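Protein chains in written order, with our numbering: chain A, 7 to 301; chain B, 7 to 301.
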């Protein structure tokens with residue numbers, strides 16, 4: 007048996023189309039165009055490229071984008087000043103500070119300075135807190151975890167009552183995706199570097215989320231037959247057969263895993279595109295709330 | 007084999023003695039007496055009794071206590087007004103609103119109105135958020151979960167790398183104790199009413215925390231030999247052999263479980279007394295922080 011591929015690019019495109027229709031509707035009914043502001047500190051080429059691709063998607067779905075760039079030696083006060091201005095700007099509904107910021111800056115204080123209603127990355131402590139509470143929900147949740155849930159829903163994978171195993175406990179992915187799965191009534195296990203028998207834990211998973219960044223650590227024989235496997239890790243491994251000398255792989259060894267899993271994300275083209283799609287949707291949602299147009 | 011009993015009354019007493027010594031030291035070095043304010047809305051006898059017992063413990067360890075009582079028909083604004091006064095009162099270092107409050111009140115808004123630095127119940131969304139983040143810690147964490155960890159530490163039960171299973175996902179116990187166990191590097195599984203095979207999940211646990219409130223649901227054959235079992239649930243079951251006609255039991259069937267477990271809390275006399283002890287320690291900690299006397 008070969009797993010069904012969870013196609014991030016195609017699914018993201020569907021979400022872009024849906025988002026564009028909602029953006030158009032919001033403009034017509036409320037006269038509001040959603041706006042996303044990115045804050046980039048320093049000139050890291052990878053970060054610049056991420057920011058550019060987000061702006062490109064904004065244009066595609068009709069979201070206005072605002073790009074703020076600060077030099078690599080910007081002070082904490084300068085960054086927080088920019089965040090404060092964006093908080094106060096009614097045309098900006100979502101604020102994304104591209105991480106990582108240079109080491110001399112306090113990234114936690116920057117995240118906490120963002121207005122919770124504009125926190126489209128879902129990383130403000132209050133949004134994290136609401137996500138970690140039964141019966142509550144955050145104004146906005148982190149994009150990569152949302153993309154994982156969206157994949158399961160779009161491909162008809164049940165969550166309720168299933169055993170979900172999350173490998174990795176980062177603030178960006180592991181912990182929030184565990185909380186989202188818990189809200190959807192999965193039985194959730196959080197594993198990490200100190201987990202004694204990781205293979206055994208993975209073998210229990212009906213839904214397996216891998217988010218540690220260790221190349222191809224999870225192999226086919228760690229996977230329960232029929233499981234849904236969501237690979238969030240991203241690593242480069244040397245590959246002399248490629249012109250650029252490397253290839254991008256996930257935490258899951260795709261070739262062996264796809265023979266066992268029921269559903270699996272490719273890398274690249276899996277959870278990555280979904281993350282950007284969820285950012286667009288979070289920005290739309292923030293604008294709808296600000297306009298009093300939430301369903 | 008019979009399990010070692012995790013004695014809540016004796017352990018709490020040790021913590022009271024330690025706390026009293028630290029309270030005395032804070033008064034001598036900084037001229038500050040820790041203060042705990044309780045807010046009781048309505049005259050529920052059980053709540054009155056809980057509040058009284060907390061004040062009694064305060065007196066025992068040298069913490070000044072402030073009792074505010076409001077009628078059962080107090081408005082949201084009146085309750086938040088009282089919380090605001092206590093936030094502003096420099097003699098008050100901890101504020102505890104006795105839950106549950108009457109149905110017409112918004113308990114979440116009340117909890118969010120408490121100054122995060124005085125949030126000795128650890129239920130403010132910001133403290134919940136910090137608890138749910140890797141590399142962060144809340145100013146104050148919830149008392150019952152803290153009591154569970156304290157038990158394990160005082161009795162020398164390893165946490166790191168162990169399989170911990172938490173049954174129940176309440177905001178008061180289940181989710182925060184899972185987060186505390188995760189911070190201590192346990193592999194953590196959160197189970198609940200939708201978990202397919204709860205017995206099987208419990209059997210994996212080196213550390214089992216039961217917090218659902220279903221009388222004696224977890225029996226001896228659900229427990230891994232040698233496990234540490236922390237019972238937080240509390241129920242009344244009819245018992246004609248008792249003069250009052252009932253007895254208090256936990257979520258764990260103590261008689262069968264103690265033959266299998268390595269460590270087990272009794273009910274009553276287990277996690278309950280530890281909760282009050284942690285409240286005293288949280289109040290001390292809040293006063294130490296306010297006085298600039300944190301270690």
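We treat Cβ as the ideally placed atom computed from N, Cα and C, and that holds for glycine. Every value quoted in this text rests on a predicted model; they were computed, and no experiment measured them.
Among the options, the one whose alpha carbon lies nearest that of residue i
i                     : options                       : result
residue 149 (chain B) : B:291, B:229 and B:218        : B:291
residue 251 (chain A) : A:271, A:243 and A:20         : A:243
residue 188 (chain B) : A:193, A:181 and A:189        : A:181
residue 85 (chain A)  : A:66, A:45 and A:17           : A:45
residue 114 (chain A) : A:132, A:197 and A:298        : A:132
residue 257 (chain A) : A:248, A:270 and A:98         : A:270
residue 222 (chain A) : A:207, A:232 and A:253        : A:253
residue 297 (chain A) : A:11, A:31, A:14 and A:36     : A:36
residue 165 (chain A) : A:194, A:178, A:179 and A:77  : A:194
residue 174 (chain A) : A:197, A:191, A:190 and A:163 : A:197
residue 88 (chain B)  : B:121, B:63 and B:216         : B:121
residue 118 (chain B) : B:74, B:108 and B:134         : B:134
residue 50 (chain A)  : A:105, A:141 and A:68         : A:105
residue 364 (chain B) : B:99, B:78, B:31 and B:98     : With chain B running from 7 to 301 in the structure shown, residue 364 (chain B) is simply not present.
Proximal residues of chain B, C-beta to C-beta of residue i below 8 Å
i                     : result
residue 139 (chain A) : 131, 134, 177 and 181
residue 107 (chain A) : Here the premise fails: no neighbours, minimum Cβ distance about 15 Å.
Straight-line gap, residue i to residue j (C-alpha atoms, nearest Å)
i                     : j                     : result
residue 102 (chain A) : residue 139 (chain A) : 24 Å
residue 214 (chain B) : residue 225 (chain B) : 12 Å
residue 203 (chain B) : residue 125 (chain A) : 38 Å
residue 227 (chain B) : residue 40 (chain A)  : 57 Å
residue 90 (chain B)  : residue 96 (chain B)  : 12 Å
residue 168 (chain A) : residue 201 (chain B) : 7 Å
residue 157 (chain B) : residue 143 (chain A) : 32 Å
residue 305 (chain B) : residue 8 (chain B)   : Since the first and last residues shown for chain B are 7 and 301, residue 305 (chain B) lies out of range.
residue 16 (chain B)  : residue 205 (chain A) : 41 Å
residue 29 (chain A)  : residue 127 (chain A) : 19 Å
residue 283 (chain B) : residue 241 (chain B) : 21 Å
residue 38 (chain B)  : residue 237 (chain A) : 53 Å
residue 92 (chain A)  : residue 20 (chain B)  : 52 Å
residue 288 (chain B) : residue 137 (chain B) : 15 Å
residue 207 (chain B) : residue 277 (chain B) : 22 Å
residue 233 (chain B) : residue 12 (chain B)  : 12 Å
residue 162 (chain A) : residue 151 (chain A) : 17 Å
Secondary structure of residue i, DSSP reduced to three states
i                     : result
residue 103 (chain B) : strand
residue 11 (chain A)  : strand
residue 143 (chain A) : coil
residue 73 (chain B)  : strand
residue 241 (chain B) : strand
residue 314 (chain B) : Residue 314 (chain B) is absent from the model: chain B starts at 7 and stops at 301.
residue 297 (chain B) : coil
residue 267 (chain A) : coil
residue 169 (chain A) : strand
residue 155 (chain B) : helix
residue 194 (chain A) : strand
residue 46 (chain A)  : strand
residue 41 (chain A)  : strand
residue 216 (chain B) : strand
residue 67 (chain B)  : helix
residue 258 (chain A) : strand
residue 178 (chain A) : coil
residue 235 (chain B) : strand
residue 116 (chain B) : helix
residue 248 (chain B) : coil
residue 224 (chain A) : strand
residue 202 (chain A) : coil
residue 253 (chain B) : strand
Buried versus exposed call for residue i [16 or more other C-beta atoms within 10 Å across all chains shown]
i                     : result
residue 246 (chain B) : exposed
residue 34 (chain B)  : exposed
residue 57 (chain B)  : buried
residue 176 (chain A) : buried
residue 52 (chain A)  : exposed
residue 71 (chain B)  : buried
residue 60 (chain B)  : buried
residue 230 (chain A) : buried
residue 281 (chain A) : buried
residue 300 (chain A) : exposed
residue 83 (chain B)  : exposed
Residue i: contacting residues in chain B (beta-carbon distance under 9 Å)
i                     : result
residue 202 (chain A) : 167, 168, 169 and 193
Contact set between residue i and chain B, taken where Cβ atoms lie within less than 7 Å
i                     : result
residue 207 (chain A) : 193
residue 188 (chain A) : 175 and 196
Neighbour list for residue i in chain A, Cβ cutoff strictly below 7 Å
i                     : result
residue 197 (chain B) : 193
residue 158 (chain B) : The contacting residues do not exist; residue 158 (chain B) stays about 16 Å from chain A at best.
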